[in-house]
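Chemist: So for the sequence shown, full-length UniProt numbering puts the first residue at 1; every next one is plus one. All residues carry an ideal CB built from backbone N, CA and C; glycine is no exception. Because the structure is a prediction, the values reported are computed rather than measured.
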Amino acid sequence: MKPDALRELEPDFWRAPSAHNTQPWVLRYREDSVEIGWDPARTLPVGDPAGRDLRLALGAFTETCLIVCADAGLRVEFRQDHSEADRRAGYLAGVEGRYPAPYTTPFTAQDVRDRRTGRGAYEPGRLDEAVIGRLEKLAAEEKAEVRRVPCRELIELAYDADRHLFSTPPIARELRAWLRLDPEDPRYEQDGLTDRALGLTRMETRALRAALSRRGYPLLRRLGVPKLMASSSRRTLDYDGEVVVLVGRPGCTDGEQVALGRVLMRQWLTLSTLGYTTHPVSQIIDVEITKQRLARLLGIDDPSRLLNVTRVGRPKATPPASARLPR
1 MKPDALRELE PDFWRAPSAH NTQPWVLRYR EDSVEIGWDP ARTLPVGDPA GRDLRLALGA
61 FTETCLIVCA DAGLRVEFRQ DHSEADRRAG YLAGVEGRYP APYTTPFTAQ DVRDRRTGRG
121 AYEPGRLDEA VIGRLEKLAA EEKAEVRRVP CRELIELAYD ADRHLFSTPP IARELRAWLR
181 LDPEDPRYEQ DGLTDRALGL TRMETRALRA ALSRRGYPLL RRLGVPKLMA SSSRRTLDYD
241 GEVVVLVGRP GCTDGEQVAL GRVLMRQWLT LSTLGYTTHP VSQIIDVEIT KQRLARLLGI
301 DDPSRLLNVT RVGRPKATPP ASARLPR
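(1) Quick one: complete beta strand (DSSP E) runs, 3+ long, within the segment 218-296?
(2) Measuring only the C-alpha atoms, how far is residue 325 from residue 141?
(3) Does residue 203 pass the burial test, meaning 16 or more other C-beta atoms within 10 Å, or should it be called exposed?
(4) Could you spell out the range, first to last residue, of the alpha helix (DSSP H) harbouring residue 140?
(5) Figure out for me which residue from 50, 69 and 42 has the closest Cα to the Cα of residue 2.
(6) Using 8 angstroms as the threshold, is the C-beta distance between residue 237 and residue 154 below it?
(7) Could you spell out where the beta strand (DSSP E) holding residue 164 opens and where it closes?
(8) Roughly how many angstroms separate the alpha carbons of residue 158 and residue 34, rounded to a whole number?
(9) DSSP on residue 300, reduced to helix/strand/coil?
(10) Is residue 116 helix, strand or coil by DSSP?
(11) On the criterion of 16 or more Cβ atoms from any shown chain inside 10 Å, does residue 64 qualify as buried, or is it exposed?
(12) Three or more C-beta pairs closer than 8 angstroms, one from the segment 279-291 and one from the segment 310-317: is that the case here?
(13) Compute the distance between the beta-carbons of residue 109 and residue 57, then report whether it is under 8 angstroms.
(14) Just the C-alpha distance for residue 268 and residue 111, rounded to the nearest angstrom, thanks.
(15) Distance, Cα to Cα, residue 323 vs residue 41?
(16) Beta carbon of residue 265, beta carbon of residue 60: below 8 angstroms?
(17) Rounding to the nearest angstrom, what Cα-Cα distance links residue 9 and residue 223 in this structure?
(18) Does the distance from the CB of residue 91 to the CB of residue 75 come in under 8 angstroms?
(19) Locate the beta strand (DSSP E) running through residue 145, then write down its first and last residues.
(20) What's the gap between the Cα of residue 119 and the Cα of residue 205?
(21) Thinking C-beta only, is residue 317 closer than 8 angstroms to residue 248?
(22) Between which residues of its own chain and residue 263 is the CB-CB distance below 7 angstroms, once the five residues before and five after are set aside?
(23) Which residue marks the beginning of the beta strand (DSSP E) containing residue 38, and which one marks its end?
(24) Would DSSP call residue 61 helix, strand or coil?
(25) Quickly, what does DSSP pair residue 14 with across the bridge? List them, please.
(26) Would you call the CB atoms of residue 178 and residue 200 closer than 8 angstroms?
(27) Just verifying my parser: in three-state terms, what is the DSSP assignment at residue 205?
Here's what the structure looks like:
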């Protein structure tokens, strides 16, 4: 494998999903391989202190790289070598053997480009059993499970989680750092959560900007504005829809969480090719109390097994593509 051949594919690599659209991954080019690592400045140390979302994002990025390389005819494999100390997930390297083949995948680079996160309204309806079966089969490849929950059963959990997060100053500051609510912001087309991606109206954008501003937040927090901000979760989940929960095996290691990030990407691409979009609502498991409540609801003894919570459905309007860093 010639690592330079991968550089031209980076714009598609970067279409992988990440929490708050931080795009934490880093590619370190070597003579015969490419190391996948991460930039600590693009992580969420307050909102994701254990690194669960980071590892899932690294796995999703890895899977995206393999899919794009395979579509380009490059014979590349992933060699996992997770190291927190070295900030490394593993390596992309050439496949050994006399007749090496590209990574086997049903997806293409165009599928990667077409995938969307949809935070707006979805059409009512549950997932077909055949679709759920495909998601369960993908999860089982890494000894994980898929659980389903009607949207309305999670309304109060999502509201309580959001209220806690918006009421916690360090988390609010971290969120503010990744919000892109002004199109004139030079970072607007690069990363973070734009008003467009969040599906906000002009009035909602102004309100959110004021509520999380350095000057306005302390006063508005005392006045109870976080409760009003959290109420959007109720509106989002108040319909006949479905949420899918990815549950890891007991004792899931950091490296295995990276592997489950690859599974998550395959699941989301499967859904995308069938006309669905996804909307992570993992704030429910970012707050310990609501995570425990969800675990009890699902009959899971160990809440740490809950890795991702995602609303799935057919969007009423085509979601915009989120911003990506220029490569």
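Modeler: Reading from the atomic positions:
(1) With a minimum length of 3 residues, the continuous beta strand (DSSP E) runs that stay inside the segment 218-296 are 242-247 and 277-280.
(2) Inter-residue distance for residue 325 and residue 141 is about 32 angstroms (C-alpha atoms, whole angstroms).
(3) exposed
(4) Residue 140 -> alpha helix (DSSP H) spans 129-140.
(5) 69
(6) Taking a C-beta distance under 8 angstroms as the contact criterion, residue 237 and residue 154 qualify as a contact pair.
(7) Segment 155-166 is the alpha helix (DSSP H) holding residue 164; no beta strand (DSSP E) there.
(8) A straight line joining the alpha-carbon of residue 158 with that of residue 34 spans about 39 angstroms.
(9) In this structure, DSSP gives residue 300 a state outside helix and strand, which the three-state scheme calls coil.
(10) Residue state for residue 116 is assigned as coil, using DSSP reduced to three classes.
(11) Taking all protein chains in view, the Cβ of residue 64 is crowded by 16 or more other Cβ atoms within 10 Å, so the residue is classified as buried.
(12) yes
(13) Not a contact, by the Cβ cut-off of 8 angstroms.
(14) 10 angstroms
(15) One C-alpha to the other measures close to 18 angstroms.
(16) yes
(17) 49 angstroms
(18) Going by C-beta atoms, residue 91 is not nearer than 8 angstroms to residue 75.
(19) 145-150
(20) 15 angstroms
(21) no
(22) 138, 139, 141, 142 and 144
(23) Here the beta strand (DSSP E) through residue 38 covers 33-38.
(24) Correct three-state label for residue 61: helix.
(25) Answer is none; residue 14 lacks a bridge partner.
(26) no
(27) helix
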